[in-house]
Each structure stands twice: as structure tokens, then as C-alpha cells.
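Under UniProt numbering, the first residue of the sequence shown is numbered 1, with each subsequent residue one higher. In this text, a Cβ means the ideal position worked out from N, Cα and C, and glycines have one as well. Okay, so here's the structure we're looking at.
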Amino acid sequence: MRAAVRTGLLGLTIAFKDDVPPPPPCDPNVPIAPTDVLIKVKSAAINPVDYKLPRLVGGTVVGIDLSGTVERVGADVTDFKVGDNVFGRSPIIGGRGGSLADFALVPMDEIAIKPEWLSFNQAAALGVAYLTGLQSLRAGNVSKDSSVLIIGASGGCGIAGVQLARALGASRVVGVCSGRNFDFVKGTSGMELELIDYTKEGSIEKFRGENIGKFDCIYDTVTGSGRGEDYVASMMPLLKESTGTYVQINGSPTTMARHVIGRMKAQRKVVFTSGRGKKDLEEIVSLLKIFVARPHLDVKTFDENGVKGAFEQLRGRRTKGKIVFNME
Numbered sequence: 001m002r003a004a005v006r007t008g009l010l011g012l013t014i015a016f017k018d019d020v021p022p023p024p025p026c027d028p029n030v031p032i033a034p035t036d037v038l039i040k041v042k043s044a045a046i047n048p049v050d051y052k053l054p055r056l057v058g059g060t061v062v063g064i065d066l067s068g069t070v071e072r073v074g075a076d077v078t079d080f081k082v083g084d085n086v087f088g089r090s091p092i093i094g095g096r097g098g099s100l101a102d103f104a105l106v107p108m109d110e111i112a113i114k115p116e117w118l119s120f121n122q123a124a125a126l127g128v129a130y131l132t133g134l135q136s137l138r139a140g141n142v143s144k145d146s147s148v149l150i151i152g153a154s155g156g157c158g159i160a161g162v163q164l165a166r167a168l169g170a171s172r173v174v175g176v177c178s179g180r181n182f183d184f185v186k187g188t189s190g191m192e193l194e195l196i197d198y199t200k201e202g203s204i205e206k207f208r209g210e211n212i213g214k215f216d217c218i219y220d221t222v223t224g225s226g227r228g229e230d231y232v233a234s235m236m237p238l239l240k241e242s243t244g245t246y247v248q249i250n251g252s253p254t255t256m257a258r259h260v261i262g263r264m265k266a267q268r269k270v271v272f273t274s275g276r277g278k279k280d281l282e283e284i285v286s287l288l289k290i291f292v293a294r295p296h297l298d299v300k301t302f303d304e305n306g307v308k309g310a311f312e313q314l315r316g317r318r319t320k321g322k323i324v325f326n327m328e
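Structural data, given as C-alpha cells:
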């Protein structure tokens, strides 16, 4: 089958191949595990974690996010049947292989039924970014009338955070991104929001000075993402005293270690997207339907040039919204 795979000594190079062995259950004579679902992949999205993980951790086939059609189900699978259109994740831990391939084998509790009003491309974009956004905003206790600051508002996780904060009832949403992306973020969010241009001299400092103690939640998608950015110390004072929460999704090894051993400040959290995402995927779909929001896509062709160009774009951090491969 076709697949994007990790190559090289450590598996940190990604290449398109058209002769990759499919998951064994593609052969009807091979048993499928009781809780597994075999999917014919229609669309798959990529995330920075896809190129950061070595083969030993991430497996040979690249990718987590997907949508497609059910080909086979295990004996204990009751929520899905052959022919169902589904979307979700092929998780790194507990997964059976990556999503950037013609076929993927996934656990039954990591997918949900794709609604008709979402295309396969749109549904494939929801896995990592929107699950991370929902679980992060929950960690920040975002609800009706909350004030939310989103750092990195034009990226995949940032756009998801903006849309979901609105859907959860936040009354004030502020995004930090480059000024050249303002129109994009406003158009994709479907809501009135304040935007701060971090590239404009003095804008961040002015904003900080005017907003000490004003936010219930700060959702930081940028700190620790690979280029040395660190907003934590400068933005923490913007939280409401004692009740505000700073939520980040990346961090240095030291930050991650402090999180694991419980040595983070009470108002600061690091969110790792949890497994068994089926219920959260269903909630995300409900929230997006109510507020008529959709992920913004940059659709690529699934071939050698498409895979190479997409990962170069992702590594260069030139992406607005989500990069999605049309696998058909």
C-alpha cells in the first residue's frame, strides 16, 4: 500500500513509499483483534509530533489523524460496522500503525462516526488539534463568560482553541499571532475577538500592561514548540489571582518532568491529550455544529512531492490551520 514512513537510522526522515505492507487484517484470513477497527483511509492530517518522534516511539508509518470507511471490525466492536464513515486517531501509544497510509488499524475507542455535514478532509483535521484544544480548555475551566487568551492563534491548535472557546461560552477571546494572519484568524473563528501582533514592536508589552489579572485561562500552544519561545513568565501575571489557569501543550524536558512529578505551580498545567477520545470527538462535533465552525484546511495530494512539501511547510511553521492529505 501507499504510506508515509519514517526512514533513516533513527527514523526521523519521512518519505513516501508505495510498497509498504498493509496491516495484517487487510487479509481476510488473518484474525483481527477484538477491539480493533480496520479503516480504509480517505483523508489524513499531520501534526508537528509526526516529524519529532523517532521510529522507535512513533512506529514506521507516520500520522495520527484520519478519516475513512470501516473495512473490518473486531468481535467486541459494537458501535461501528463495515461501511461506516468514521474519523479520529491512530494513537501513538496503543495504536496499531500510522494514519498516512491506504489502510489503518485503530482501537475502537479512538474513533467516532463522521457526520454528513463534515467532509472527510474536515473530519481528519479534528483529531489531535481539536482534542488537545477541548481538553486544554477544560483544564482551564473555560465555560460561560470566561476570558481566554490563546497564544499561537493561527496554528492548528490555536484555531481549534479559538473556535472551541467560543462554543464553550467564553465572553472574551484574545489571540496572539502575526499581524499578517489577522484576517485569516478572524475569518476562521466566526466571532469577534481581539488579536495581538507579536511581531509589532511594543504590542505585547502594551497588552500585558493593560491586562494584568484579567484572564480566567491562558491557552499557550507556542511555548516549548521548538524555536525557543517561552511566554510563561511574561504572561502568567495576566491570570486572575488564585483562580486563573495557564495551560500549555509543549515544554522543555524540565517542564515535562516537573509536571509528571507534580512540582508545577498550582495555576500552571501541561496537557497531554488523553486516550479513549471517542466521547470527546463526539462533543467536538456537537460544538462545531451548533456554532457553524469548521477547521481551516490546506489540502495536499498524497504522493512523493505532496508528502515532502507538506512536512517542509510544517517544519518551517508556515502553516495556517491544518495540513490534510486527500488519500483518494
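Whole-Å CB distance - residue i paired with residue j, under 8 Å assumed
i, j, result
"residue 82", "residue 108", "Not quite, the Cβ-Cβ distance comes to about 13 Å (not below 8 Å), so this is no contact."
"residue 327", "residue 44", "6 Å"
"residue 59", "residue 88", "Contact doesn't hold; Cβ gap of about 17 Å is too wide."
"residue 319", "residue 298", "6 Å"
"residue 39", "residue 106", "6 Å"
"residue 140", "residue 177", "Not confirmed; about 19 Å, so no contact."
Residue i Cβ short of 7 Å to the ligand FMN heavy atom set
i, result
"residue 229", "Questions concerning the ligand FMN fall outside what the structure shown contains, since it holds no ligand whatsoever."
Per-residue burial, residue i [other beta carbons within 10 Å of its own, 16 or more giving buried]
i, result
"residue 223", "buried"
"residue 6", "buried"
"residue 280", "buried"
"residue 250", "buried"
"residue 144", "exposed"
"residue 285", "buried"
"residue 245", "buried"
"residue 100", "buried"
"residue 62", "buried"
"residue 47", "buried"
"residue 110", "buried"
"residue 216", "buried"
"residue 349", "With the chain covering 1 to 328 only, the question about residue 349 has no answer from this structure."
"residue 8", "exposed"
"residue 10", "exposed"
"residue 132", "buried"
"residue 142", "buried"
"residue 307", "buried"
"residue 268", "buried"
"residue 96", "buried"
Distance between residue j and residue i (C-alpha atoms, nearest Å)
i, j, result
"residue 201", "residue 179", "12 Å"
"residue 243", "residue 41", "43 Å"
"residue 182", "residue 2", "37 Å"
"residue 247", "residue 24", "40 Å"
"residue 289", "residue 171", "19 Å"
"residue 240", "residue 213", "4 Å"
"residue 175", "residue 313", "22 Å"
"residue 305", "residue 18", "13 Å"
"residue 186", "residue 162", "10 Å"
"residue 135", "residue 309", "30 Å"
"residue 295", "residue 150", "16 Å"
"residue 129", "residue 209", "30 Å"
"residue 303", "residue 207", "44 Å"
"residue 195", "residue 184", "11 Å"
"residue 146", "residue 211", "14 Å"
"residue 311", "residue 323", "9 Å"
"residue 112", "residue 203", "42 Å"
"residue 173", "residue 148", "5 Å"
Top-ranked residue by Cα proximity to residue i, from the options
i, options, result
"residue 283", "15, 115 and 10", "115"
"residue 84", "130, 228 and 37", "37"
"residue 70", "55, 26 and 57", "26"
"residue 74", "135, 241 and 34", "34"
"residue 154", "20, 220 and 146", "220"
"residue 92", "231, 51 and 138", "51"
"residue 57", "30, 72 and 12", "12"
"residue 205", "237, 216 and 217", "237"
"residue 317", "304, 225 and 174", "225"
"residue 232", "270, 294 and 210", "270"
"residue 315", "32, 29 and 49", "49"
"residue 104", "135, 173 and 22", "22"
"residue 230", "209, 198, 211 and 139", "198"
"residue 325", "129, 278, 102 and 218", "102"
"residue 291", "276, 139, 160 and 54", "160"
"residue 118", "148, 86, 90 and 138", "86"
Counting Cβ pairs, one atom from each stretch, are 3 or more of them under 8 Å apart for the stretch 121–132 and the stretch 62–74? yes
Stretch pair the stretch 161–168 + the stretch 187–207: three plus CB contacts closer than 8 Å: yes
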